[in-house]
Structures are given as C-alpha cells and as structure tokens.
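See below for the structure under consideration.
Residue numbers (the working numbering): 4 to 158.
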C-alpha cells in the first residue's frame, strides 16, 4: 500500500482483509476437525514465523520513519498479538517436535510449500480479487495508532 494513491482502500481493503483472516480461521478449524499432523504443524510454525518477522520488521520500519517525531519503540499495530500470541505458539510447536512427535524430513519441504501456497492465496490472490480503487470497504477510522505521528505533519 506504500505506493498507492488510496492506501485506505487499495490494493487491500477491509473486505479483502476479512477474507485473508477468515481463510486462516477456516484452515485452523479444518485442521482441528481432520486432525493435526506434522505437516499442519510445520504450516502453523511457518505462519507464526512469518507473522513475527512481518510485524517486527514493520515495527522497525515505522520506528525509523517516525523516530524524529517521537516514536521510541518498534511497536506497530498487530505486534502485541504477534509477540504474545504467535511467538509462544511457535515456541510450543518447536518444543512439541522434541517432546511429542517430530516431523519426518520430507514433511518439512511439503509443509513449507503448502504454507507458501496457502499464504500466497490468502494474501495475494484474495487481494487481487477484492482490490478496487473505489471500494466502499475502506479503512475509515483514520490513521489510528499512527495519528500522533502524522498529525505533526499537518501542523
């Protein structure tokens, strides 16, 4: 969205964002119904690591962008969920590989490939399906967390 003329609605908007998250919930529920196997655990571990990397690097980016306007941390929206949700889940998955059931070597590349396919679909394909420069599903609540940093530019 950085180079978008309408970052509040294009290329991602609330409808596409909702579907991206819903796909993850549907996958998680399916795993619970079908049964957890090591490939699904690798997929979840990859998701956790991607979320940790994405939100932490986003926090570093926003810190660098706004540090001259008073930002003192690498926090960005979603970081709390990432660090206190996804990070502990990732740690527990790794521990379970040592204490419960470790994947067989060939399950790692399959799990990683399946993660990339599911992630690519739920992010890029869903974004393409719902991208609309005139979308009525814009993020309309303003700059939220970043309001205090952007408001300094408006003075």
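From the three backbone atoms N, C-alpha and C, an ideal C-beta is built for every residue, glycine too. Quick caveat, the model's predicted, so the values are computed rather than measured.
Simplified DSSP assignment, three categories, for residue i
i	result
residue 24	helix
residue 33	helix
residue 128	helix
residue 1	This structure does not reach residue 1, given that the chain is present from 4 up to 158, and the question cannot be answered.
residue 15	coil
residue 78	coil
residue 136	coil
residue 154	helix
Local Cβ density within 10 Å of residue i, reported as buried at 16 or more and exposed below that
i	result
residue 33	exposed
residue 102	exposed
residue 154	exposed
residue 25	exposed
residue 114	buried
residue 62	buried
residue 150	exposed
residue 124	exposed
residue 60	exposed
residue 47	buried
The alpha helix (DSSP H) enclosing residue i, as first and last residue numbers
i	result
residue 122	110-123
residue 42	41-69
residue 93	90-102
Practice item. Report yes or no: do the segment 116-130 and the segment 20-30 share at least 3 C-beta pairs separated by less than 8 Å? Key: In the pairwise beta carbon analysis, the segment 116-130 is classified as touching the segment 20-30: at least three pairs are separated by under 8 Å.
Review point. So does the segment 28-42 actually touch the segment 107-125, counting three or more Cβ pairs closer than 8 Å?
Key: yes
Check your understanding: Does the segment 81-96 come close enough to the segment 51-67 to have 3 or more Cβ pairs within less than 8 Å?
Key -> yes
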